[in-house]
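Reviewing the structure listed below.
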Amino acid sequence: MKHAWRVVVALGAVFTLLLPETSIAETRDGTVVDGSTGTPIANATVTLGGGAVVTDAQGKYSVAGGTVPLQVRAPGYRRETIAAGDESFRTIRLTPLAPKALYLTVYGIGAPFLLDPALEVIQKSGLNALVIDLKGDRGLIPYPSALPLAAKAGALKLRTIPDLKALATSLKARGIYLIARIVVFKDDLLVNARPDWAVRASGGAIWKDREGLAWIDPFRKEAWDYTLGVAEEAAAAGFDEIQFDYVRFPDAVGPAYSQTSTETSRVEAITGFVREARRRLAPYNVFIALDTFGYVCWNRNDTGIGQRLEDLATVVDYISPMLYPSGFQFGIPGHTNPIMHIYEIVHRSLEECKSRTATTTVRYRPWLQAFPDYAFGGQKFGAVEIAKQVKASNDAGTVGWMLWNPRNVYSTDDIKPEVANDKAPAKR
């Protein structure tokens, strides 16, 4: 308990007493506002130590404690840290931010012939963010993780990031918003180390997907700790956002799990994982995002994989549907050939998402297609196709967008400055 000196006068004598400070002295009350407009920001997260509160409709908050930094974030804005003793906690001004990102794999981040052109596109075309694989599709972790199970699983055999914190510091010095992509339940390497955690085939053997890769059973809560450990290392290194991918059950008929698989149990497993991630990552003040199939925007059930939009919207800051037109093999209502209706596919899918989650605080930042079509004739997705998707995303009021190219090949011929600077007012 802290104390403060108080001077009192009694019976003509002066005494100096050591009295406990009042709770008022240990409370910080303030308002979080948009730094550009001064408008109060509702539902901003204010973190003090391991505890967090959210601002009310007028942007006001109250937290107890005054000896540690105050951390603040709200989707659509940069994170802020207010040092202990800094009076700016009374009115905290957040800077608007709409991340416009390129994607780099565990290989791309360490290959100059891929990384350097990506950084050039970011600089010349006005982008401001990178999505970097810190646990890739095949379970590889490209930096020296301290997790014992990472070494046991063979996940550290590819070292493309010698020092994760140094990388984060270097990229953030360029003004780049950093998103750590972490693949969760698709993890062949982890299954090799812990086969007792694997998704099984009906006969009992380890189940493999179409790529011949094994998956972790999402019902196995004891397996969650490994991936959450990677997330904590990314957050501690300075990444702004943790983006979980493959946070789902396999999209296949036949796998067997440690529990009975129903829509209710699947949804609870997936949202349960993200809730635990929020709890573990709370002290780091990082944004939490989750990737989904494009059709999750349209399906009212859990798509058989545990991803039900209304439930996901309650546990993450951002949802990132993969709105690649080539992935909409059945089209959407009114548009059976997605490649002929690129704008409509992206825009209508986002509007469908937003209408279903309008009562929540979740924001959307979609994945857009920057690779050749593979389903409707092989059309190149260059400047025109990318521009249509970006416009659709902006018109839907998303908080930025991300371009997916699995080969990590990006060019200013395809990503123009006028595309990156085509802004639409953010819609909350």
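Numbering (our numbering), first residue to last: 6 to 433.
Positions of the beta carbon are idealized from the N, C-alpha and C atoms, including for glycine.
Cutoff 7 angstroms; reference G234; Cβ partners in own chain excluding five residues on either side: L152
Bounding residues of the alpha helix (DSSP H) (the contiguous stretch that carries K105): Careful: K105 lies outside any alpha helix (DSSP H), inside the beta strand (DSSP E) at K105 to L109.
Beta-ladder partner(s) of E246, from DSSP: I184 and F292
Continuous beta strand (DSSP E) assignments of at least 3 residues falling wholly in the region 114 to 155: The qualifying runs are 134 to 140.
DSSP beta-bridge partners of R205: I211 and A261
C-beta atoms of L295 and V321 nearer than 7 angstroms: yes
Continuous alpha helix (DSSP H) stretch holding Y66: start and end: Not the alpha helix (DSSP H): Y66 falls in the beta strand (DSSP E), residues K65 to A69.
The region 364 to 374 contacting the region 395 to 404, beta-carbon criterion three pairs below 8 angstroms: Contact holds: three or more Cβ-Cβ distances are below 8 angstroms.
Neighbourhood of L119 by C-beta, 6 angstroms cutoff - its chain only, sequence neighbours within 5 removed: Counting only Cβ-Cβ distances below 6 angstroms, and skipping sequence neighbours, we find G113 and N413.
Buried/exposed call for T276, threshold 16 Cβ in 10 Å: Counting Cβ neighbours within 10 Å, T276 comes out buried, since at least 16 surround it.
Minimum C-alpha distance to R361 - residue among I247, T319 and Y82: T319
Inter-stretch contact at 8 angstroms, needing at least 3 Cβ pairs: the region 28 to 42 / the region 66 to 77: yes
Cβ pair count under 8 angstroms reaching 3, the region 123 to 130 against the region 385 to 404: no
Euclidean distance between Cα positions of K177 and L183: 7 angstroms
As assigned by DSSP and simplified to three states, the class of G402: If DSSP states are grouped into helix, strand and coil, G402 belongs with coil.
Option in L154, D245 and D418 with minimal Cα separation from L135: D245
Closest residue to G64 among D91, R98, E85 and R179 (Cα-Cα distance): The candidate whose alpha carbon is nearest that of G64 is R98.
Length of the line joining the Cα atoms of Q264 and I391: 43 angstroms
Spatial neighbours of T417 in its chain, beta-carbon cut-off 8 angstroms, leaving aside the 5 residues before and after: Answer for T417: E125, V126, K129 and S130, listed in chain order.
Between the CA atoms of A282 and T165 - distance to the nearest angstrom: For T165 and A282, the distance between alpha carbons rounds to 26 angstroms.
Pairwise C-alpha distance: I293 and Y323: About 7 angstroms.
Ordered list of beta strand (DSSP E) runs contained in the region 331 to 384, each at least 3 residues: 372 to 374
Where Y379 falls, given that 16 or more other Cβ within 10 Å makes a residue buried: exposed
Residues bridged to Y323 [DSSP beta-bridge criterion]: A294 and R368
Backbone CA spacing between H352 and K421 [nearest angstrom]: 20 angstroms
L172 versus G180 - alpha carbon distance: Near 13 angstroms, if we compare the C-alpha coordinates of G180 and L172.
First and last residue of the uninterrupted beta strand (DSSP E) at E281: No beta strand (DSSP E) contains E281, which is instead part of the alpha helix (DSSP H) from E268 to L286.
Contact with chain D by T174, beta-carbon distance below 7 angstroms: Absent from the structure: chain D. Only one protein chain is present.
Residues near N426 in its chain [Cβ-Cβ closer than 7 angstroms; skip 5 each side]: G131
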